[in-house]
Amino acid sequence: MASMFRSLRMRNYRIWFIGALVSNVGAWMQATAQSWVVLTELTDNDAIAVGITMALQFGPQLLLVPLSGTVADRFDRRRVLMVTQSLLMLLALALGALLVSGQAELWQLYAFALALGVVNAFDTPARQAFVSDLVGAENLSNAVALNSASFNSARLIGPAVAGVLIAIVGSGWVFLINAASFVAMLIALWLIRTPRVNHLARAGAEGRGAQLLAGFRYVVKRRDLLVIFIMVFVIGAFGMNFPVYSSTMAVEFGRGAGEYGLLSSVLAIGSLAGALLVARRPAARFRAVVLAAAGFGLASLLAAMMPTFWTFAAVLVFIGFSTATLLSTANGFVQTTTDPNVRGRVLSLYFAVLMGGTPIGAPVVGAVADVFGPRWSLGVAAAAGLIAFAVGIGWLIVGRKLRVHVGPGRTVTVTHAGKPGLDDDPGAQSETLTAPLSVLRRSPVILSEPSSAPQSGPLSEGLTGPISLIDETLGDDLDGDPDDGLDDAAGHTR
167 MASMFRSLRM RNYRIWFIGA LVSNVGAWMQ ATAQSWVVLT ELTDNDAIAV GITMALQFGP
227 QLLLVPLSGT VADRFDRRRV LMVTQSLLML LALALGALLV SGQAELWQLY AFALALGVVN
287 AFDTPARQAF VSDLVGAENL SNAVALNSAS FNSARLIGPA VAGVLIAIVG SGWVFLINAA
347 SFVAMLIALW LIRTPRVNHL ARAGAEGRGA QLLAGFRYVV KRRDLLVIFI MVFVIGAFGM
407 NFPVYSSTMA VEFGRGAGEY GLLSSVLAIG SLAGALLVAR RPAARFRAVV LAAAGFGLAS
467 LLAAMMPTFW TFAAVLVFIG FSTATLLSTA NGFVQTTTDP NVRGRVLSLY FAVLMGGTPI
527 GAPVVGAVAD VFGPRWSLGV AAAAGLIAFA VGIGWLIVGR KLRVHVGPGR TVTVTHAGKP
587 GLDDDPGAQS ETLTAPLSVL RRSPVILSEP SSAPQSGPLS EGLTGPISLI DETLGDDLDG
647 DPDDGLDDAA GHTR
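Here the sequence shown is numbered in this note's numbering, starting from 167 and rising by one per residue.
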């Protein structure tokens, strides 16, 4: 249990965690109210309008990715976050005032969603990368998972409270309360102190154009990251459109705002459990991402067939569990195996891929819900999860030579590239499928700090850690000698 919450021993992270928890509660209240306002107050149950709102909100994540990632790497992340959090507070205050006064129109909410997306495009990569400044590399995977736990703990409270407030005092007050919740985050950022040099040194001697391209080049040469990016794009675009599913299914079952808010809170029960489970693990494993994608697809398919409101709500727990497991693990995997010099840019790409698919998927899912019914929109989510699983398992089989061996007594063992001697006794192989092959170390060569990532477990023969960016390539020999057995930037020995 102590290892699950080890990052909270650090003062800076404790302050951040408390401030983020309060702010996240407000954010979930606002997200719940926003979808309900579009669906029931500004339109006549128009699911396409909900999808358009989501598209406007998440589209800037994709369009601004080169600039937002560079900002996260080049400038002091704490100051960046103080600016973005202040802007988000002002946006919530403005729309809340319009709703309370009864003057809000659909185009104004569209404009709000777009502005929210632009600010979040800069806030998200800076906020995610800021965690490494608070805890250090050795606790990064745990801190990422605890962030997800905080996010989903707030999800338990926020939507349910929003549903009650919408019914009692109206949706506008939900936005105003969210604006007030940003004060907690701003106070936390003011109290936190991190070494300034960590932020300013990242720009180095690179030109601005080189900085914009470095993150792209790094990801292109990391095939394992490309596979994860494809998986989260498919699920993010066509699977994780929960405002569409929850609002339309609530209407399908003849329920109101209170029950709609309850669905989001029930989803958070599973999400919190998944995030805490990831926090207990010593490292983020690729195979966990693949299995979670399969779980998401199957749970979405089951949810589409549920006959009552409460059975549907029960299945949402499993959807939340698989979603949190997938996202927390994928996020941790990207952060702990990425070179710190390009981490902000790679994270901005990751979140652009995750959220940037929403402008494509959300209107499609909304149209499916309008034309064929909300259950079919859940069918789209199920297909997305199973396609992502197929992509992941295909990479493990082709790229990592994953093999299943059935031995005497029907004992099953698994081998893969990276384990010594694929033709040897599978029981004698010890490395785990945790990090990409190029960072499974079997030599004492260390290109970055040894504690850059958690060890893969007691049976591991070496450390896993970030792949360094050497001359902005991953295939360069370390010392220029092609015959010395060091074949790449990770120090992998032939």
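Glycine residues also receive a C-beta, built at the ideal position from the N, C-alpha and C atoms.
Distance CB(residue 516)-CB(residue 404) smaller than 9 Å = no
Of the listed residues 428, 556 and 497, nearest to residue 332 (C-alpha basis) | 428
Return helix, strand or coil for residue 447, following the three-state DSSP convention.
-> coil
Just the Cα atoms here: how many angstroms apart are residue 417 and residue 489?
-> 24 Å
If we ignore side chains and look at the alpha-carbon of each, how far apart do residue 177 and residue 254 end up?
-> 26 Å
Counting only the same chain and skipping the five closest in sequence on each side, list residues whose C-beta sits under 6 Å from that of residue 533.
-> 214
Quick one: what's got a C-beta closer than 6 Å to residue 266's C-beta in the same chain, skipping five residues either side?
-> 338
Report yes if the C-beta distance between residue 398 and residue 496 is below 9 Å; otherwise report no.
-> yes
Tell me which same chain residues have a C-beta within less than 8 Å of the C-beta of residue 421, skipping the five on either side of it?
-> 475
At a cut of 8 Å, does the stretch 465-484 reach the stretch 513-527 through at least three beta carbon pairs?
-> no
With a 10 Å radius around its C-beta and 16 neighbouring C-beta atoms as the bar for buried, classify residue 239 as buried or exposed.
-> buried
Proximity of residue 341 and residue 199 at Cβ, strictly below 9 Å | yes
Counted within 10 angstroms of its Cβ, other Cβ atoms place residue 211 as buried (16 or more) or exposed = exposed
Anyone know if the C-beta pair for residue 190 and residue 324 falls short of 9 Å?
-> yes
What span of residues does the alpha helix (DSSP H) with residue 579 cover, start to end?
-> Careful: residue 579 lies outside any alpha helix (DSSP H), inside the beta strand (DSSP E) at 578-581.
Assigned exposure category for residue 538 - 16 Cβ within 10 Å defines buried = exposed
Simplified DSSP state of residue 489, which is helix, strand or coil = helix
Output the boundary residues of the beta strand (DSSP E) element that contains residue 572.
-> 569-572
Enumerate, from N- to C-terminal direction, the unbroken alpha helix (DSSP H) stretches of 4 or more residues contained entirely within the stretch 245-329.
-> 272-301
Could you check how far apart the C-beta atoms of residue 313 and residue 172 are, in whole angstroms? I think they sit under 8 Å.
-> Residue 313 to residue 172, Cβ: 14 Å. No contact.
What whole-angstrom Cβ distance do residue 492 and residue 462 have, given they're in contact under 8 Å?
-> 6 Å
By the 10 Å Cβ neighbour count, where 16 or more other Cβ atoms means buried, how is residue 367 classified, buried or exposed?
-> The pLDDT assigned to residue 367 is 47, lower than 50, so where the model puts this residue is not dependable; a value taken from the coordinates is nonetheless given after this. That one is exposed.
Can you tell me which of the three DSSP states residue 502 falls into?
-> helix
Flag this pair as touching only if the stretch 562-574 and the stretch 242-253 have three or more C-beta atom pairs under 8 Å; answer yes or no.
-> no
Apart from the five residues on each side of it in sequence, which residues of its chain come closer than 7 Å, Cβ to Cβ, to residue 389?
-> 565
For residue 512, which of 439, 485, 443 and 386 has the nearest alpha-carbon?
-> 386
Take the Cβ of residue 182 as the centre, count every other Cβ of all protein chains shown within 10 Å, and call the residue buried at 16 or more, exposed below.
-> buried
Measuring CB to CB, does residue 185 end up less than 9 Å from residue 350?
-> yes
Given that a residue counts as buried once 16 or more other Cβ atoms are within 10 Å of its Cβ, and exposed if not, what is residue 269?
-> exposed
Helix, strand or coil at residue 473 according to DSSP, with G and I counted as helix | coil
If we count the other Cβ atoms within 10 Å of its Cβ and call it buried at 16 or more, is residue 455 buried or exposed?
-> buried
How long is the line joining the alpha carbons of residue 557 and residue 346, rounded to whole angstroms?
-> 43 Å
Which residue from 311, 322 and 544 puts its Cα closest to that of residue 443?
-> 311
Specify the secondary structure class of residue 397 as computed by DSSP and reduced to three states.
-> helix
Run through DSSP, which three-state label would residue 497 get?
-> helix
Going by C-alpha distance, which of 288, 504 and 570 is nearest residue 383?
-> 504
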